[in-house]
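To convert, take the position in the sequence shown, counting from 1, and add 1; that gives our numbering.
Glycine included, each C-beta is placed from N, C-alpha and C at the ideal position.
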Amino acid sequence: MATEIHFVDVGQGNMVLIKADDGNRFVFDCNITQNNEARVLAYVAKVFGKGNSIKAFICSHRDADHMRGVKNLHAQNPISKIWDSGYPGTTTDSTEYKEYMNLRREVGERVIKRKTRDDYGKTRLRFMSDADERLPNDANAQGIVIKVEQRSRTGDSCLASAMLPGDSDAEIWKDGILKDYTTTDVQSSILMAAHHGSNSFFDIPSDSYWYTNHLQAINPAMVIVSVGLNTHGHPKKEALDFYEQHATGADNGHKVARTDNKGTMKLTLKTEGGWQLQYNQ
């Protein structure tokens, strides 16, 4: 089997469905709202099968737009366990936060540690970042970054991959991930834009220049931006310019695809190598 990664159009938020080579199901982040609930849950049922269990809900960090509606997801497709970095969020008194923590206590949790990995058939999940004393004390910096890989039959090489960075910023990569991993380790076929296309992925406040070493190391063919109507100005023009400049491009020349104009996208990491991205799923 191949590895399937679905970038769900949830508006201004993140939600990624992962169907591993061995059939295990994962959800990375969630933003189910009153406006999109019927459509999003129907899509989850289409991909996973209604009622089938989710091995883990992986929360990059405990902000509302990354865990909203997880209780409704659990009601349709039971979540076996919640994985996160163990770091508190920024809105601990919100309804979304309380629902998330209640479910976390109910189903049990796993605290993810960086520089570890799990294999599910030929799908490998690499945990690139976690709660890290080297980084600033905020939820974005202390969150989880995952690289999803399709491995070869012998398991010794990566055939295609996708980097899921949550809301990670430039400092996380400069002072954390790129100190822990080689360029070969972080190189990815597809990159999900961090923080909905925010400039924070390139901005280090103490420096007077934009940081792009990590993007050059990742060296993606394409960048997926999960974004919707918002008051933050996402995605930022500067960020889009960097993605256009440094992505190598797919066969048709496209370098950036956004959920607000391409809808939900399905990425297949093929068992024979290479990948396929389909729009408007």
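Rounded to whole angstroms, Asn231 and Asp66 show a C-alpha spacing of 12 angstroms. Here Ala76 is exposed, its C-beta having fewer than 16 other C-beta atoms within 10 Å.
A residue is called buried when at least 16 other Cβ atoms come within 10 angstroms of its Cβ; Ala43 does not meet this threshold and is exposed.
In this structure, the alpha-carbon of Val224 lies about 29 angstroms from that of Thr92. DSSP, read as helix, strand or coil, puts Asn231 in coil. Pairwise C-beta distances place the region 81–92 in contact with the region 102–121, as three or more of them are shorter than 8 angstroms. Runs of the beta strand (DSSP E) lying entirely within the region 195–272, each at least 3 residues long, are 223–226, 257–259, 266–270 in chain order.
Excluding five sequence positions before and after Leu216, the CB atoms of its chain that fall closer than 7 angstroms to its own CB belong to Phe243, His247, given in chain order.
Per DSSP, His62 lies in no beta strand (DSSP E) segment and is marked neither H nor E. Around the beta carbon of Glu172, 16 or more other beta carbons sit within 10 angstroms, so the residue counts as buried. Under the three-state reduction of DSSP output, Arg106 falls in the helix class. Excluding the 5 residues flanking it on each side, Gly14 has same chain C-beta neighbours closer than 6 angstroms at Asn32, Asp66, in chain order.
Here Thr269 is near Gln279, since their CB atoms are less than 9 angstroms apart. A distance below 7 angstroms between beta-carbons, with the five flanking residues on each side excluded, links Leu126 to the following residues of its chain, in chain order: Arg118, Asp119, Ile147, Val149. Excluding residues up to 5 positions away in sequence, Leu165, Ile225 lie with their Cβ nearer than 6 angstroms to the Cβ of Met193 in the same chain. In the three-state reduction of the DSSP assignment, Val11 falls in the coil class.
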